[in-house]
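The sequence shown begins at 1 in the UniProt record's numbering and counts up one residue at a time. Read through the structure below, which is laid out as structure tokens, and then see the notes.
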Amino acid sequence: MLEISNDLYLDERHLQFQFVRASGPGGQNVNKVSTAVQMRVRIDDLTELPQRVRDRLRELAGSRLTNDGEIIFDAQRYRTQERNKQDAIERLLALLRKAAERKKFRVKTRPSLSAKRKRVDTKKKRGDVKKMRQRPMD
1 MLEISNDLYL DERHLQFQFV RASGPGGQNV NKVSTAVQMR VRIDDLTELP QRVRDRLREL
61 AGSRLTNDGE IIFDAQRYRT QERNKQDAIE RLLALLRKAA ERKKFRVKTR PSLSAKRKRV
121 DTKKKRGDVK KMRQRPMD
């Protein structure tokens with residue numbers, strides 16, 4: 001079980017790993033060993049997470065979300081398979097933590113009457129300045 005927060009956990013059985021050859025660091029080894037990790041997670045299978053977290057996860061996933069409802073993480077930053085696997089898991093947990101945060105509720109406010117008057121007065125002054133720049137009418 002992976003801990004997302006104090007009261008949210010993710011079962012590792014939902015994670016599917018596929019190892020592929022990586023580009024980048026590794027020297028001659030990069031052509032022989034599959035060190036890059038492609039991790040897939042189906043959002044609908046994460047039933048231990050509340051629905052609001054799953055919905056927010058869909059929003060945050062962006063281009064990593066497939067039409068099948070899977071999030072794909074590609075990790076090839078490191079030279080070892082194990083470290084790339086850990087990197088993909090850490091990135092998933094960071095996304096889940098962000099999805100678990102509640103959005104701040106925005107309270108709509110209206111500008112005060114004095115703010116409206118100040119804005120109109122400033123506009124009038126600016127208009128007068130521009131009017132003074134014009135050529136005088138004969």
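Cβ atoms here follow ideal geometry from the backbone N, Cα and C, with glycine treated the same way.
#1: Could you check what DSSP says for Arg97 in three-state terms: helix, strand or coil?
#2: Considering only the alpha carbon of each residue, which of Glu12, Tyr78 and Arg52 lies closest to Ser23?
#3: Excluding the 5 residues preceding and the 5 following Phe19 in the sequence, name in chain order all residues of the same chain whose CB lies nearer than 8 Å to its CB.
#4: Quick check on DSSP: helix, strand or coil for Leu46?
#5: Which residue's Cα is closest to the Cα of Asp45: Ser63, Gly69 and Leu65?
#6: According to DSSP, simplified to helix, strand and coil, what is Asp74?
#7: By the 10 Å Cβ neighbour count, where 16 or more other Cβ atoms means buried, how is Gln16 classified, buried or exposed?
#8: In angstroms with no decimal places, state the Cα-to-Cα distance between Asp121 and Arg110.
#9: In this structure, what does DSSP give as the bridge partners for Gln38?
#10: Under the three-state reduction of DSSP, which class applies to Leu8: helix, strand or coil?
#11: Pairing CB atoms from the region 98 to 105 with CB atoms from the region 122 to 132, are three or more of them under 8 Å?
#12: If you follow the alpha helix (DSSP H) that Arg56 is part of, which residue opens it and which one closes it?
For this structure:
#1: For this step, residue 97 is matched to residue 97 along the sequence shown. DSSP places Arg97 in helix when its eight states are reduced to three.
#2: One-based indexing of the sequence shown puts residue 23 at position 23. Out of Glu12, Tyr78 and Arg52, Tyr78 has the C-alpha closest to the C-alpha of Ser23.
#3: As a first step, residue 19 is located in the sequence shown; it is residue number 19 there, counting from the start. Within the same chain, Phe19 has close Cβ partners Ser34, Thr35, Ala36, Val37, Gln38 and Gln81.
#4: Here the question's residue 46 lines up with position 46 in the sequence shown. Coil, per DSSP.
#5: Residue 45 sits at position 45 when you count from the first residue of the sequence shown. For Asp45, the nearest C-alpha among the options comes from Gly69.
#6: As a first step, residue 74 is located in the sequence shown; it is residue number 74 there, counting from the start. Looking at Asp74 - three-state DSSP - the assignment turns out to be strand.
#7: Position 16 of the sequence shown, counting from 1, holds the residue named residue 16. Burial call: exposed.
#8: Residue mapping note: residue 121 aligns to position 121 of the sequence shown, counting from 1. Residue mapping note: residue 110 aligns to position 110 of the sequence shown, counting from 1. Computed Cα separation, rounded: 18 Å.
#9: Locating residue 38 in the sequence shown gives position 38, counting from the first residue. According to DSSP, which records beta bridges pairwise, Gln38 is partnered with Gln18 and Asp74.
#10: One-based indexing of the sequence shown puts residue 8 at position 8. Leu8 falls in the coil class under three-state DSSP.
#11: no
#12: Mapped onto the sequence shown, residue 56 falls at position 56. Its alpha helix (DSSP H) spans residues Gln51 to Ala61.
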